[in-house]
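Novice: In the working numbering, the protein residues as written are 989 to 1476.
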Ligand code: B12
Ligand code: SF4
């Protein structure tokens, strides 16, 4: 699970290694432009987990720059134990580049301040989702000299070559299609830290995180999800550029396997993989035949589309080894699903759960590891009643094979519901605290003590007691064909 909050402990081995690697990397430095990878301190020291996943925004933009002959050096806050020594490591650079997401905004602020201290005449060039959705917050940080809203691939070269030609805050430029993106040069990603770690890692492949076997190759096939859930609706701020072709994705994986492999499994980082049935049919036809191996993979779907295209889904699971099906079920009550503008009903959710349970039972009978849900669940949604929470927990119980990612609803800037709660003064998320994990209060008026008790199992009996009624309602709705949300 993700962690947050920067740690300040100083494990000696990592510190020594960081110092040594810093010393050697500075000796090898070829540029006065520095890209800083942002993330939790020390997370590149662990041997597994999602903290290791690499940033495709950074990878793409550095690849474009290097191909155009603009070398950049790289540091990662994930390779530091604390801010100690950071200033010294960034000193001597003229330019700092950062991909800022809301959850890395506090780290970016601190990094920019220290960079400016070390290089008073240096320029800090920022972009990324937080710059896109909360430019006013970014503008308040005087250390950010340039703030790019939106896509960077069309402007990054000009920006680095001549920042003075841009206003302080400006719009980026997207490629018309992901087909125009070069394959990320994965060697431009940060390395794991710790000598043992480095020796054992298959860098630039990524380590396994408890799903399928490592090493993992992460890829993107699409840029944005077209739905408009009120807690996310990324379509309102991310450009809807054309998906990569199936051949391009397979070619990329084959090339990565050949150069750095063998790949153990794949994580498809798309916000939404199970969309555009024609693309999926082509994937179904080509991936098992053209890929150097049929690597099992993790990818995202929605309950309503699983209900709309169950046969296509079943064939994908069976024939392409879609082993971890990530579904944002979020809630088990129609009331909350409407608040979230999920455009899925509780009966769609029930249908999708039964579908994968049945496929999984069948696959298991033939002695093969069955597919699992990676299930995003949200509680603490404004307006949620106790009964809504119990219904959500009943829904969770019905999944036979699952990894549950349970979150308290978090009002992210950029999302419709997030923007509304921020405007109403109801958000408790601050710029130091932009994450979604249970344990920290996110919205005024939500009974977090009750939620913590639910998570701790204090209401398990009550949840269990209502299970038959919950299932009965869903079966009746399915039999009458009700609750079928429209899919696109
Ligand atoms: C992959 C991914 C992850 C990976 C991250 C791996 C990594 N190291 O990057 C994992 C699974 C770990 C992850 C986790 C989380 N994520 Co996430 N994630 C994504 C996802 C699906 C794709 C990101 C990506 O690779 N995009 C493709 C690249 C090319 O785009 P990009 O990085 O934005 O870069 C482009 C531009 O921003 C710009 N740009 C970027 N940097 C710069 C710099 C300069 C100088 C310039 C000029 C331009 C520029 O140019 C690039 C090319 O166009 C996005 C959704 C999406 N469709 O983007 C969500 C997203 C970024 N995640 C989000 C969130 C909320 C989270 C979580 C908090 C919870 C969650 N929903 O799972 C956690 C936080 C983890 C933590 N550390 O606390 C939100 C962020 C919202 C926000 N306001 O910041 C997004 C937008 C999803 C959403 N719609 O809610 N995530
Ligand atoms: S929550 Fe999922 S389905 Fe909804 S808009 Fe975001 S990525 Fe798409």
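Don't be surprised by glycine CBs; every beta carbon is placed ideally from N, CA and C.
Source: prediction; values computed, not measured.
Name the DSSP beta bridge partners of residue 1086, please?
Specialist: Along the chain shown, one-based indexing puts residue 1086 at 98. Residue 1086 is bridged to 1024 and 1114.
Novice: For the beta strand (DSSP E) containing residue 1061, name the first residue and the last one.
Specialist: Looking up residue 1061 in the chain shown gives position 73. Unbroken beta strand (DSSP E) run through residue 1061: 1061-1064.
Novice: Counting pairs of Cβ atoms below 8 Å between the stretch 1304-1320 and the stretch 1263-1276, do you hit three or more?
Specialist: These segments touch.
Novice: Starting from residue 1390, follow its DSSP beta bridges and name the residues at the other end.
Specialist: Walking along the chain shown from the start, residue 1390 turns up at place 402. Residue 1390 is bridged to 1361.
Novice: With residue 1136 as the anchor, note down where its beta strand (DSSP E) starts and where it stops.
Specialist: Walking along the chain shown from the start, residue 1136 turns up at place 148. Looking at the DSSP string, the run of the beta strand (DSSP E) that includes residue 1136 is 1134-1137.
Novice: At what residues does the beta strand (DSSP E) containing residue 1331 begin and finish?
Specialist: For this step, residue 1331 is matched to residue 343 along the chain shown. No beta strand (DSSP E) holds residue 1331; DSSP gives it neither H nor E.
Novice: Could you tell me whether the stretch 1210-1221 touches the stretch 1403-1415, using the rule of 3 or more Cβ pairs below 8 Å?
Specialist: Touching, yes.
Novice: What ranges does the alpha helix (DSSP H) occupy inside the stretch 1119-1201, keeping only unbroken runs of at least 4 residues that lie completely in it?
Specialist: Qualifying alpha helix (DSSP H) stretches, in chain order: 1123-1127, 1144-1149 and 1183-1188.
Novice: Would you identify the three-state DSSP class for residue 1230, choosing helix, strand or coil?
Specialist: Here residue 1230 is taken as the residue at index 242 of the chain shown, counted from 1. Note: residue 1230 maps to strand in three-state DSSP.
Novice: Does the stretch 1097-1105 come into contact with the stretch 1064-1079, if we say contact requires no fewer than three beta-carbon pairs (one atom in each stretch) closer than 8 Å?
Specialist: The stretch 1097-1105 vs the stretch 1064-1079: in contact.
Novice: Tell me whether residue 1324, by its Cβ, gets closer than 7 Å to a heavy atom of ligand 2.
Specialist: Here residue 1324 refers to the residue found at position 336 of the chain shown. No, the Cβ of residue 1324 stays beyond 7 Å of every heavy atom of ligand 2.
Novice: For residue 1256, verify whether its CB is less than 7 Å away from any heavy atom of ligand 1.
Specialist: Position 268 of the chain shown holds residue 1256. No, the beta carbon of residue 1256 sits no closer than 7 Å to any heavy atom of ligand 1.
Novice: Take residue 1021 as the anchor and find which of 1040, 1469, 1110 and 1031 has the nearest alpha-carbon.
Specialist: As a first step, residue 1021 is located in the chain shown; it is residue number 33 there, counting from the start. The shortest Cα separation from residue 1021 among 1040, 1469, 1110 and 1031 belongs to 1110.
Novice: Would you check whether ligand 1 has a heavy atom nearer than 7 Å to the C-beta of residue 1286?
Specialist: In the chain shown, residue 1286 corresponds to position 298, counting from 1. It does not: the Cβ of residue 1286 is nowhere closer than 7 Å to a heavy atom of ligand 1.
Novice: Indicate whether residue 1414 and residue 1431 have their beta-carbon atoms separated by less than 8 Å.
Specialist: The residue you call residue 1414 lines up with position 426 of the chain shown. The residue you call residue 1431 lines up with position 443 of the chain shown. Taking 8 Å as the Cβ cut-off, residue 1414 and residue 1431 qualify as a contacting pair.
Novice: At what residues does the beta strand (DSSP E) containing residue 1092 begin and finish?
Specialist: Counting from one through the chain shown, the residue named residue 1092 turns up at place 104. First-last for residue 1092: undefined, no H or E at that position.
Novice: From residue 1132 to residue 1041, what does the alpha carbon distance come to, in whole angstroms?
Specialist: One-based indexing of the chain shown puts residue 1132 at position 144. One-based indexing of the chain shown puts residue 1041 at position 53. Rounded to the nearest angstrom, the two C-alpha atoms are 26 Å apart.
Novice: Using only the alpha-carbon positions, how far apart do residue 1056 and residue 1146 sit?
Specialist: Numbered from 1 along the chain shown, position 68 holds the residue referred to as residue 1056. Numbered from 1 along the chain shown, position 158 holds the residue referred to as residue 1146. Rounded to the nearest angstrom, the two C-alpha atoms are 11 Å apart.
Novice: Between the alpha carbons of residue 1178 and residue 1144, how many angstroms are there, rounded?
Specialist: For this step, residue 1178 is matched to residue 190 along the chain shown. For this step, residue 1144 is matched to residue 156 along the chain shown. In a straight line, the C-alpha of residue 1178 is about 20 Å away from that of residue 1144.
Novice: Where does residue 1051 fall in DSSP's three states?
Specialist: In the chain shown, counting from the first residue as 1, residue 1051 sits at position 63. Note: residue 1051 maps to helix in three-state DSSP.
Novice: Using only alpha-carbon positions, find the residue among 1207, 1320 and 1102 that is nearest to residue 1047.
Specialist: To locate residue 1047, count along the chain shown from 1; it is residue 59. Here the closest residue by C-alpha is 1207.
Novice: Could you pull out every residue in the same chain whose Cβ sits closer than 8 Å to the Cβ of residue 1285, ignoring the five residues on either side in sequence?
Specialist: Your numbering for residue 1285 matches position 297 in the chain shown. If we look at residue 1285 and ignore the five residues flanking it on each side, its Cβ neighbours are 1200, 1253, 1254, 1255, 1256, 1308, 1309, 1310, 1311 and 1312.
Novice: Kindly examine ligand 2 and report whether one of its heavy atoms sits closer than 7 Å to the Cβ of residue 1468.
Specialist: Start at 1 with the first residue of the chain shown, and residue 1468 comes out as number 480. Checking the Cβ of residue 1468 against ligand 2 gives no.
Novice: Is residue 1163 near residue 1127, with beta carbons less than 8 Å apart?
Specialist: Within the chain shown, numbered from 1, the residue matching residue 1163 stands at position 175. Within the chain shown, numbered from 1, the residue matching residue 1127 stands at position 139. The answer is no: Cβ separation not under 8 Å.
Novice: Pick from 1106, 1188 and 1065: whose alpha carbon is nearest that of residue 1093?
Specialist: Counting from 1 along the chain shown, the entry for residue 1093 is found at position 105. Checking every option, the nearest Cα to that of residue 1093 belongs to 1065.
Novice: Buried or exposed for residue 1001, please, with buried defined as at least 16 other CB atoms from any protein chain shown within 10 angstroms of its CB.
Specialist: Translated into positions along the chain shown, residue 1001 becomes position 13. Confidence at residue 1001 is low in this model, with a pLDDT of 34, below 50, so the placement of that residue should be treated as unreliable; the coordinate-derived value is given next. Residue 1001 should be labelled exposed.
Novice: Taking residue 1259 and residue 1287 to be in contact with their CB atoms under 8 Å, please state how far apart those CB atoms are, rounded to whole angstroms.
Specialist: The sequence position of residue 1259 within the chain shown is 271, counting from 1. The sequence position of residue 1287 within the chain shown is 299, counting from 1. Contact doesn't hold; Cβ gap of about 10 Å is too wide.
Novice: To the nearest angstrom, how far is it from the Cα of residue 1118 to the Cα of residue 1157?
Specialist: Counted from its first residue, the chain shown places residue 1118 at position 130. Counted from its first residue, the chain shown places residue 1157 at position 169. Answer to the nearest angstrom: the Cα atoms are 13 Å apart.
Novice: Considering only residues of the same chain and omitting the five flanking positions on each side of residue 1051, which have a CB-CB separation below 8 Å?
Specialist: Against the chain shown, residue 1051 aligns to sequence position 63. So the list reads 1170, 1171, 1172, 1173 and 1176, once near-sequence residues are dropped.
Novice: Could you tell me which of 1301, 1376, 1354 and 1385 sits nearest to residue 1363, measuring between CA atoms?
Specialist: Start at 1 with the first residue of the chain shown, and residue 1363 comes out as number 375. It is 1385 whose Cα lies nearest to the Cα of residue 1363.
Novice: Taking all protein chains shown into account, do 16 or more other C-beta atoms lie within 10 angstroms of the C-beta of residue 964, making it buried, or fewer, making it exposed?
Specialist: In this structure the chain extends from 989 to 1476, so residue 964 is not present and cannot be described.
Novice: Which residues mark the beginning and the end of the beta strand (DSSP E) in which residue 1205 is found?
Specialist: On the chain shown, position 217 is the one that residue 1205 refers to. It spans 1204-1207 - the beta strand (DSSP E) in which residue 1205 sits, taken as one unbroken run.
Novice: Assign residue 1266 to buried or exposed, taking buried as 16 or more other Cβ atoms, counted over all protein chains shown, within 10 Å of its Cβ.
Specialist: For the purposes of this step, residue 1266 is identified with residue 278 of the chain shown, where counting begins at 1. By the 10 Å Cβ count, residue 1266 comes out exposed.
Novice: Would you kindly check if the distance between the Cβ of residue 1106 and the Cβ of residue 1078 is under 8 Å?
Specialist: If you number the chain shown from 1, residue 1078 lands on position 90. If you number the chain shown from 1, residue 1106 lands on position 118. Yes.
Novice: Quick one: Cα of residue 1029 to Cα of residue 1067, how far?
Specialist: By one-based count along the chain shown, residue 1029 stands at place 41. By one-based count along the chain shown, residue 1067 stands at place 79. Straight-line Cα distance between these residues: approximately 6 Å.
Novice: Pull the bridge partners of residue 1286 from the DSSP assignment, please.
Specialist: Taking the chain shown and counting its residues from 1, one reaches residue 1286 at position 298. According to DSSP, residue 1286 bridges with 1255 and 1312.
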